[in-house]
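Heads up, the thing below is written out as structure tokens.
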Amino acid sequence: MRLVILGAGGHGKVVLDVAQQIGRYSEYIFLDDFHPVGSLVANTEVVGTLDSFKQFESNSEFFIAMGRCQSREIWYQKLDVAGLPLATLVHPSAVISPSVTLERGVLVCAGVVVNPHAQIGLCTILNTACSVDHDCVIGDFSIICPGVSLAGAVSIGPRCWIGIGSTIIQQVNVASDCVLGAGAVLLHSTESHQTLVGVPAKAIQQGNVNA
0 MRLVILGAGG
10 HGKVVLDVAQ
20 QIGRYSEYIF
30 LDDFHPVGSL
40 VANTEVVGTL
50 DSFKQFESNS
60 EFFIAMGRCQ
70 SREIWYQKLD
80 VAGLPLATLV
90 HPSAVISPSV
100 TLERGVLVCA
110 GVVVNPHAQI
120 GLCTILNTAC
130 SVDHDCVIGD
140 FSIICPGVSL
150 AGAVSIGPRC
160 WIGIGSTIIQ
170 QVNVASDCVL
180 GAGAVLLHST
190 ESHQTLVGVP
200 AKAIQQGNVN
210 A
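Letter by letter, the sequence shown follows residues 0 to 210 of numbering that gives the first Met the number 0.
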């Protein structure tokens, strides 16, 4: 089985490393629009541009290795329309309760802990050493950055960016398309399309947030 990784940037290298640690694929290739075809990224060949993905559908699973939330959503839709299988990748060091629901295309990085009955949406990134406690719901195409702590029963909408080292207390609802800044502590629920920073976190921007 081959893993086709869409995106050969820094996040693509992380995806490749997690997949290699899992060890279920016999071949790894990158598709990318910025690295020349034939070049090597982390000793792995860039074999084509992103739009060439249909050429590699035979005996392959696909993974969208893009940090930008909207980009993951766009490429999920393209792969879904084409009927191509999405991989879900969980680093061997992650601790995931058996009652957790992981949707397709999720990346769970090294050191992550996800506690009972959490639900993790399509193409969500749980980055290095983040903690997702019981009954949390993470919306599709969101990213939980390294070192984030989510208390119990936190709900995060689609396409949210929860910044590195931030904390959200229990039962807080984060609406869609929000950005929580690095190191912030969120004590209250939000409206959609807000950017929030600080301790305690306060909104500094609303409308057309590009996570």
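Using N, Cα and C, we set each Cβ at its ideal position, and we do this for glycine too.
Tell me whether the beta-carbon of residue i lies closer than 8 Å to the beta-carbon of residue j.
{"i": "residue 129", "j": "residue 143", "result": "yes"}
{"i": "residue 41", "j": "residue 12", "result": "yes"}
{"i": "residue 153", "j": "residue 167", "result": "yes"}
{"i": "residue 61", "j": "residue 88", "result": "no"}
{"i": "residue 111", "j": "residue 125", "result": "yes"}
{"i": "residue 30", "j": "residue 2", "result": "no"}
{"i": "residue 141", "j": "residue 157", "result": "yes"}
{"i": "residue 180", "j": "residue 162", "result": "yes"}
{"i": "residue 0", "j": "residue 27", "result": "no"}
{"i": "residue 183", "j": "residue 202", "result": "no"}
By alpha-carbon positions, which one of the options ends up nearest to residue i?
{"i": "residue 150", "options": "158, 163 and 136", "result": "136"}
{"i": "residue 36", "options": "25, 98 and 49", "result": "49"}
{"i": "residue 97", "options": "52, 173, 158 and 133", "result": "133"}
{"i": "residue 160", "options": "69, 102, 107 and 64", "result": "69"}
{"i": "residue 93", "options": "124, 113 and 14", "result": "113"}
{"i": "residue 172", "options": "155, 192 and 24", "result": "155"}
{"i": "residue 7", "options": "25, 23, 22 and 38", "result": "38"}
{"i": "residue 197", "options": "169, 164 and 175", "result": "164"}
Per DSSP, residue i forms a beta bridge with which residues?
{"i": "residue 70", "result": "Looking at the DSSP assignment, residue 70 forms no beta bridge with any residue, so it has no partner."}
{"i": "residue 96", "result": "For residue 96, which the question treats as bridged, DSSP gives no partner whatsoever."}
{"i": "residue 179", "result": "161 and 195"}
{"i": "residue 149", "result": "131 and 167"}
{"i": "residue 60", "result": "2"}
{"i": "residue 154", "result": "136 and 172"}
{"i": "residue 106", "result": "88 and 124"}
Along the beta strand (DSSP E) that carries residue i, what are the first and last residues, could you check?
{"i": "residue 193", "result": "193 to 196"}
{"i": "residue 5", "result": "1 to 5"}
- request: Please specify which runs of the beta strand (DSSP E), each continuous and at least 3 residues long, are wholly inside the stretch 10 to 43, giving them in chain order.
  value: 26 to 30
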